[in-house]
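*Asks:* Got a structure here, written out as structure tokens. Questions coming.
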Amino acid sequence: MDIDLTGKRVLVTGGNSGLGAAIAKAFSAEGACVAINYLVNPEETDTLVKQFVTAGGKALGLMADISDAEAIEAMFEEIDEAWGGIDILVNNAGIDGHAALGWEAEPDAWGKVIDINLKGAFLCARAALKRMVPQKSGVVLNTSSVHEVIAWTGYSAYTASKAGVSMMSKSLAQEAAPHGVRVLCIAPGAIRTPINKAVWSDPETYKDLLTKIPLGRIGEAEDIARMAVVLASDVAGYITGTTVFVDGGMTDYPSFAHGG
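Every number in this note's numbering is 4 more than the matching position in the sequence shown, counting from 1.
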């Protein structure tokens, strides 16, 4: 089976580090033109853009706060000017927020997580769909999490945002399907990235983490990136309105493996 994304115009939000960078690299390797959205660390973006261009690809670095509607529209207009539109949006940007029990959480901090993870994903999806629906093609791939279905003490904003992204995606998929546009989620489990190094670099916390993963290993960024490419390609052309979990079985409730 040959996945060919040659010439496809892709935007990856939060695409200059961690999962986003791995996803951007995977799309570029398949021949796509990749726009990398970022808010901080422009040097990392420049490095990726140069890497893709040196390899013969096309790439853009686009700074924008995805929770700002005007900034989002300006970013999409830059893509329009450079490439004439967009074929694939990967809504990857997001934050965990600070851990706090619900009755101790600061409303502004709670709301910031929602603004970035849910509102930001919607604003980008909205801008992409405005372009994809008229052209009768396109894919919006939203990054959810196993925490769209698994509770997480101290992170009610994060879990609420990811559950919201899931249901938002289903509704947008229902609206866009008659126009030949797919909308779906990819939901990572525990993945080895710099943002969660404190967990996987400590032997005790890592040991505990593995008890939550039936496959017995932590995921790598490439596990998510490869699946993102597949889901955005014609190979997955009959998949929309659902979440694909890439979690080593974490959502299979491994604590019940030995009985209830």
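From the three backbone atoms N, C-alpha and C, an ideal C-beta is built for every residue, glycine too. These figures come from a predicted structure and were not determined experimentally.
#1: Answer yes if the segment 56-63 comes into contact with the segment 102-122, meaning at least three C-beta pairs across the two stretches below 8 angstroms, and no otherwise.
#2: What is the DSSP secondary structure of Tyr242, reduced to helix, strand or coil?
#3: Secondary structure at Val44, three-state DSSP: helix, strand or coil?
#4: Just to confirm, are Val187 and Ala167 a CB contact at a threshold of 9 angstroms?
#5: I need the straight-line Cα distance from Gln55 to Ala25, nearest angstrom please.
#6: Using the Cβ count rule (16 or more neighbours within 10 Å means buried), how would you classify Val14?
#7: Could you compute how far the alpha carbon of Ser149 sits from the alpha carbon of Glu47?
#8: As an exercise, report each continuous beta strand (DSSP E) stretch of at least 3 residues that is fully enclosed by the segment 106-149, in chain order.
#9: Please state if the CB of Gly18 and the CB of Asn41 are separated by a distance shorter than 9 angstroms.
#10: Roughly how many whole angstroms lie between the Cα atoms of Glu77 and Ala131?
#11: Please give the ranges of any beta strand (DSSP E) in the segment 176-248, keeping only runs that are unbroken, at least 3 residues long and fully inside the region.
#12: Could you compute how far the alpha carbon of Lys134 sits from the alpha carbon of Asp8?
#13: Where does Ser32 land, buried or exposed, given buried means 16+ other C-beta within 10 angstroms?
#14: Taking the beta strand (DSSP E) that Met79 falls in, what are its first and last residues?
#15: For Ile27, report the span of its alpha helix (DSSP H) as first-last.
#16: Rounded to whole angstroms, what is the Cα-Cα separation between Ala104 and Ala161?
#17: Identify, in the order they occur along the chain, each residue of the same chain with its Cβ nearer than 8 angstroms to the Cβ of Leu23, setting aside the five sequence neighbours on each side.
#18: Could you tell me if Asn20 is buried or exposed, where buried requires 16 or more neighbouring beta carbons within 10 angstroms of its beta carbon?
*Replies:* Well, looking at it:
#1: no
#2: coil
#3: coil
#4: no
#5: 12 angstroms
#6: buried
#7: 28 angstroms
#8: 142-147
#9: yes
#10: 7 angstroms
#11: 185-192
#12: 25 angstroms
#13: buried
#14: Unbroken run through Met79 is the alpha helix (DSSP H), 73-87; no beta strand (DSSP E).
#15: 22-33
#16: 10 angstroms
#17: Asn96, Thr147, Pro192, Ile195, Thr197, Ala225, Ile228, Ala229
#18: buried
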